[in-house]
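Position one of the first sequence corresponds to residue 3 (this note's numbering), numbered consecutively onward.
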Amino acid sequence: MRTALVWFRNDLRLADHAALSAAARAAERVIPVYVHAPEEAAPWAPGSASRWWLHHSLGALGAALAAEGSRLILRRGPSGAALCALAAETGASAVFFNRTFEPALAARDAAVEVQLAEAGVASESFAGNLLLEPAALRTQAGGAFRVFTPYWRAWQAALEVSAPPLPRPRLRARGANPPPSLALDALALLPRIRWDAGLTARFQPGEAAALARLERFLDEAVADYTEARDRPDTAGTSRLSAHLHFGELSPRQALAAIRARAPAPGAAARARGAEAFLRQLGWREFAHHVLHHFPHTSEAPMDPRFNGHRWRSDSAGLAAWQRGRTGIPLVDAGMRELWATGWMHNRVRMVVASFLTKNLGLHWLEGARWFHETLVDADLANNTMGWQWTAGSGADAAPYYRIFNPVLQAERFDPDRGYLRRWLPELARLPDEWLHRPFLAPAAVLAAAGVTIGSDYPAPIVDLKRSRERALETWAEGRGTGATPAAPRRNSAGPKR
DNA sequence: TGAAATGTTGGGGCG
DNA sequence: ACGCCCCAACATTTC
3 MRTALVWFRN DLRLADHAAL SAAARAAERV IPVYVHAPEE AAPWAPGSAS
53 RWWLHHSLGA LGAALAAEGS RLILRRGPSG AALCALAAET GASAVFFNRT
103 FEPALAARDA AVEVQLAEAG VASESFAGNL LLEPAALRTQ AGGAFRVFTP
153 YWRAWQAALE VSAPPLPRPR LRARGANPPP SLALDALALL PRIRWDAGLT
203 ARFQPGEAAA LARLERFLDE AVADYTEARD RPDTAGTSRL SAHLHFGELS
253 PRQALAAIRA RAPAPGAAAR ARGAEAFLRQ LGWREFAHHV LHHFPHTSEA
303 PMDPRFNGHR WRSDSAGLAA WQRGRTGIPL VDAGMRELWA TGWMHNRVRM
353 VVASFLTKNL GLHWLEGARW FHETLVDADL ANNTMGWQWT AGSGADAAPY
403 YRIFNPVLQA ERFDPDRGYL RRWLPELARL PDEWLHRPFL APAAVLAAAG
453 VTIGSDYPAP IVDLKRSRER ALETWAEGRG TGATPAAPRR NSAGPKR
């Protein structure tokens with residue numbers, strides 16, 4: 003084959019890239035292309051924080067390809083038309099790409115393949131973004147898994163033997179006339195108002211940074227992962243989520259790196275930590291499995307009993323939640339961390355999600371949309387799984403009575419209040435005993451710390467005890483069969499950036 | 001990947 | 001010494 007296109011999507015890496023490696027083997031000339039077509043993911047087009055990450059990740063990929071003597075071509079969608087045009091311009095006879103399983107994008111891919119075939123261009127797709135693709139695992143009865151534990155057992159058994167990651171392919175020098183490319187800035191991925199300083203300070207997108215983060219995690223954090231991953235005041239998690247979402251790192255590379263670390267002396271904790279981390283990768287794959295087999299679940303409850311659930315309507319409460327002004331310290335700290343950095347610790351994600359759906363009684367889709375807009379690691383499968391789990395309506399969901407108490411969660415998982423002090427400077431002078439529940443603090447304590455509830459920091463927008471009891475009643479009675487789904491309209495999610 | 005209510009136990013104060 | 005009460009600490013049940 004003379005010329006092949008490699009269609010990059012959420013696999014913005016050169017190592018362990020099956021499509022790129024296959025193209026490099028098959029064709030004399032490989033043209034890497036990224037087609038910007040956010041509308042094709044509708045209604046879940048990338049949010050502001052994701053676009054920031056994408057901009058920098060494309061920049062990193064472009065630089066890495068340039069260092070190989072290649073060049074990343076940027077085009078605007080629709081994807082089918084852009085690829086057909088580029089194939090015609092370059093004489094490419096095939097398009098290579100790694101499969102994706104987000105339902106709208108998978109349907110788009112199928113349509114693109116038809117369009118390419120009609121134009122006489124072959125296409126070939128590869129596994130690359132999941133260790134086990136959704137069709138690779140089936141229950142005994144031949145169906146899709148809906149419960150994590152049996153999925154996890156099957157997943158582990160299937161992965162006892164797995165192929166090693168592919169090396170970075172050698173890319174042969176491009177021809178004299180590279181096809182035209184848009185400038186990265188022309189994609190307008192960065193915000194016009196530069197709110198992204200907090201993201202820049204915390205994250206470095208790109209393949210090199212992803213591999214460095216994986217190494218650092220395995221060197222420094224994995225031994226303590228089992229406990230420390232629940233502590234939002236420490237750097238105890240892998241922080242690989244966005245790297246994995248954009249495919250700067252493949253899960254196969256992560257698995258291989260874990261397995262490659264020879265068990266050192268005294269490695270019991272390391273082994274436990276590695277197992278716990280692997281389980282998180284398992285949840286990621288489970289989320290993709292479920293969304294693939296139940297594609298409606300990004301919009302509607304998986305459990306039909308929730309179709310008639312009576313969600314509350316409270317735009318002021320939603321806005322307070324979004325901006326970290328609920329008066330509940332751990333909730334506000336989490337929402338402010340999200341707004342400022344594009345990321346939130348997973349323990350705190352569960353707490354703020356429980357607060358939105360159970361204490362405020364708002365539809366989980368409101369939360370899912372806000373997370374999708376503001377998280378750098380926003381991922382439709384993971385986000386859907388997480389929110390439906392919290393709401394109690396999803397696959398293997400939390401039981402309806404599992405309602406987090408943000409005061410107790412702060413006591414347990416932020417024992418020194420370091421997380422709260424970082425994100426709630428107006429409360430920082432309160433002693434540990436009252437910082438996580440200032441609404442109960444004696445007047446003298448508040449005065450000594452210079453805090454006035456209601457002006458320096460909001461009074462709680464709901465009573466935790468009463469709202470918990472109300473949620474228990476609502477969820478208990480809603481467990482019969484329901485009527486029509488009553489999802490909130492789009493664009494009710496408050497201000498965009 | 002929960003929290004609160006309820007039940008049980010045992011130590012210590014005290015008459 | 002003994003019974004009684006209180007309550008913290010822990011276990012179990014319930015939502």
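A virtual CB, placed ideally from N, CA and C, is assigned to each residue, including glycine.
As the structure is a prediction and not an experimental result, all values here were calculated from the model.
Please list, in chain order, all residues of the same chain as residue i whose beta carbon is under 6 Å from its beta carbon, the five residues on each side excluded.
i	result
Phe99	Trp9, Ala21 and Ser127
Ala190	none
Val447	Trp436
Val333	Val354, Phe357 and Pro408
Ala380	Gly49, Ser52 and His374
Among the residues of its own chain, which have a CB less than 7 Å from the CB of residue i, if the five just before and after it don't count?
i	result
Ala25	Ala6, Val8, Val32 and Phe98
Glu287	Leu132, Leu133, Leu134 and Trp157
His295	Pro136 and Ala146
Asn12	Thr102, Asn131, His247, Phe248 and Gly249
Phe415	Asp232, Arg233, Pro234 and Arg349
Ala108	Thr102
With residue i and residue j assumed to form a contact (beta carbons below 8 Å), what rounded beta-carbon distance in angstroms separates them?
i	j	result
Phe219	Ala244	14 Å between Cβ atoms; not a contact.
Thr299	Leu201	The pair is not a contact, with the Cβ atoms about 29 Å apart (cut-off 8 Å).
Ser164	Asp18	Wrong, their Cβ atoms sit about 12 Å apart, outside the cutoff.
Thr228	Arg274	5 Å
Ala62	Glu209	6 Å
Ala278	Ala225	Going by Cβ atoms, the distance from Ala278 to Ala225 rounds to 11 Å, so no, they are not a contact pair.
Glu339	Trp425	6 Å
Val37	Arg77	5 Å
Leu382	Leu293	7 Å
Gly480	His311	5 Å
Arg241	Trp154	At roughly 23 Å, the Cβ-Cβ gap does not stay under 8 Å, so Arg241 and Trp154 are not in contact.
For the beta strand (DSSP E) that contains residue i, what are its first and last residues?
i	result
Ala278	No beta strand (DSSP E) holds Ala278; the alpha helix (DSSP H) holding it covers Ala270 to His295.
Phe219	Here Phe219 belongs to no beta strand (DSSP E), and DSSP marks it neither H nor E.
Val32	Arg31 to His38
Val354	From DSSP, Val354 is part of no beta strand (DSSP E) but of the alpha helix (DSSP H) over Asn348 to Ser356.
Glu126	Ala124 to Phe128
Val163	It is not in any beta strand (DSSP E) - Val163 carries neither H nor E in the DSSP assignment.
By a C-beta neighbour count over all protein chains shown, 10 Å radius and 16 as the cutoff for buried, is residue i buried or exposed?
i	result
Gly144	exposed
Pro34	buried
Arg349	buried
Ser315	exposed
Ile463	buried
His142	Sequence check: residue 142 is Gln here, not His. The residue is exposed, with fewer than 16 neighbouring Cβ atoms inside 10 Å.
Leu184	exposed
Ser457	exposed
Gly319	buried
Ile195	exposed
Val116	exposed
Gly336	buried
Thr151	exposed
Leu442	exposed
Pro207	buried
Gly238	buried
Ala223	buried
Tyr459	buried
Asp465	exposed
Tyr403	exposed
Can you tell me whether DSSP reads residue i as helix, strand or coil?
i	result
Met3	coil
Phe150	helix
Tyr227	helix
Ile195	coil
Phe373	helix
Leu76	strand
Ile405	coil
Trp341	helix
Trp313	coil
Trp46	coil
Ile463	coil
Spatial neighbours of residue i within its chain, please: C-beta separation below 8 Å, excluding the five flanking residues on both sides.
i	result
Ala121	Cys86, Ala89 and Ala90
Pro167	Ala17, Asp18, Ser252, Arg254, Gln255 and Ala258
Leu432	Pro440, Ala443, Val447, Leu448, Ala451 and Val453
Let's see if you can read the secondary structure: which residues bound the alpha helix (DSSP H) around residue i?
i	result
Asn384	Leu382 to Ala393
Ala501	Missing from the structure shown is residue 501; the chain here goes from 3 to 499 and no further.
Arg27	Ala20 to Ala28
Gly420	Gly420 to Trp425
His500	This structure cannot settle anything about residue 500, because the visible part of the chain is limited to 3 through 499.
Lys467	Leu466 to Glu479
His438	Looking at the DSSP string, His438 is not in any alpha helix (DSSP H), and its letter there is neither H nor E.
Leu118	Pro105 to Glu120
Is any heavy atom in the ligand NAP found nearer than 8 Å to the beta carbon of residue i?
i	result
Arg233	The ligand NAP is not among the ligands present in this structure, which contains no ligands whatsoever.
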